[in-house]
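Q:
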Amino acid sequence: MTEIRATVFYERQLWVATFERTDRDGYAVARHIFGKEPTDPEIYQFVLENYQELKFGELKEFNLTIKRVNPKRAQKLARREMERIKETAKPSTIAQDYMREELEKNKKAKKERASSKRRQRDEQQFDQKLQKRKEKRRGR
Numbered sequence: 670m671t672e673i674r675a676t677v678f679y680e681r682q683l684w685v686a687t688f689e690r691t692d693r694d695g696y697a698v699a700r701h702i703f704g705k706e707p708t709d710p711e712i713y714q715f716v717l718e719n720y721q722e723l724k725f726g727e728l729k730e731f732n733l734t735i736k737r738v739n740p741k742r743a744q745k746l747a748r749r750e751m752e753r754i755k756e757t758a759k760p761s762t763i764a765q766d767y768m769r770e771e772l773e774k775n776k777k778a779k780k781e782r783a784s785s786k787r788r789q790r791d792e793q794q795f796d797q798k799l800q801k802r803k804e805k806r807r808g809r
């Protein structure tokens, strides 16, 4: 069974939708920027026509465990969590954490590709320099 949840929210100046997919393989998130505020029929039409084009991140293991907690203790923990959130920043959802991890992973991969490309280019320039030096030495 696959469950898909779409959440549309206003972020800075644009309307953004996150599509969360949960199935037996794991949990994945995709993001789409709408721009102007989409209506319900527009969202439905988008899902029907463009769902296959959404780029979901890598599947992540997702285990939901429910523990029974004394109601008074749960209330105390909730109060502490709310105070901690007020002190730090906005609360983050699983989808936001997932997207942040994906961004970091993509950033790291891009950095590695760029550095290897740069290293390859430098080696090529060095080889050309050596070749020219050899040719000058031979008197050509």
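Basically this note's numbering = 1-based index in the sequence shown + 669. A virtual CB, placed ideally from N, CA and C, is assigned to each residue, including glycine. From a predicted model like this one, the values you see are computed outputs, not experimental measurements.
1. Would you call Thr-762 buried or exposed, if buried means 16 or more other Cβ atoms sit within 10 Å of its Cβ?
2. Measure the alpha-carbon distance for Gln-721 versus Glu-781 and round it to whole angstroms.
3. Tell me, please, whether the segment 712 to 726 touches the segment 683 to 703 by the rule of three or more beta-carbon pairs shorter than 8 Å.
4. Buried or exposed: which applies to Val-698, given that a residue is buried once 16 or more other Cβ atoms fall within 10 Å of its Cβ?
5. In three-state terms, what does DSSP make of Glu-706?
6. Using CA coordinates, which residue listed in Arg-700, Pro-707 and Met-670 is at the minimum distance from Asp-694?
7. Short of 6 Å in beta carbon distance, which residues of its chain neighbour Lys-729, apart from the five on each side in sequence? Order them along the chain.
8. Please go through the same chain and pick out, in chain order, the residues whose beta-carbon is closer than 6 Å to the beta-carbon of Gly-704, but skip the five residues on each side of it.
9. Compute the Euclidean distance between the alpha carbons of Ala-764 and Phe-715, then round it to the nearest angstrom.
10. Quick one: measure Cβ to Cβ for Val-677 and Ile-712, integer angstroms, because I've assumed they're closer than 8 Å.
11. Any idea if Tyr-767 is buried or exposed, counting beta-carbon neighbours within 10 angstroms, 16 or more meaning buried?
12. Rank Arg-674, Ser-785 and Arg-700 by C-alpha distance to the C-alpha of Asp-692 and give the top, closest one.
A: Well, looking at it:
1. exposed
2. 29 Å
3. At 8 Å Cβ cutoff, the stretches touch.
4. If you draw a 10 Å sphere on the C-beta of Val-698, you find 16 or more other C-beta atoms in it, and that means buried.
5. Three-state DSSP puts Glu-706 in coil, outside helix and strand.
6. Met-670
7. Within the same chain, Lys-729 has close Cβ partners Gly-695 and Tyr-696.
8. Leu-683
9. When rounded, the distance between both Cα atoms is 20 Å.
10. 7 Å
11. Around the C-beta of Tyr-767, 16 or more other C-beta atoms lie within 10 Å, and the residue is accordingly described as buried.
12. Arg-674
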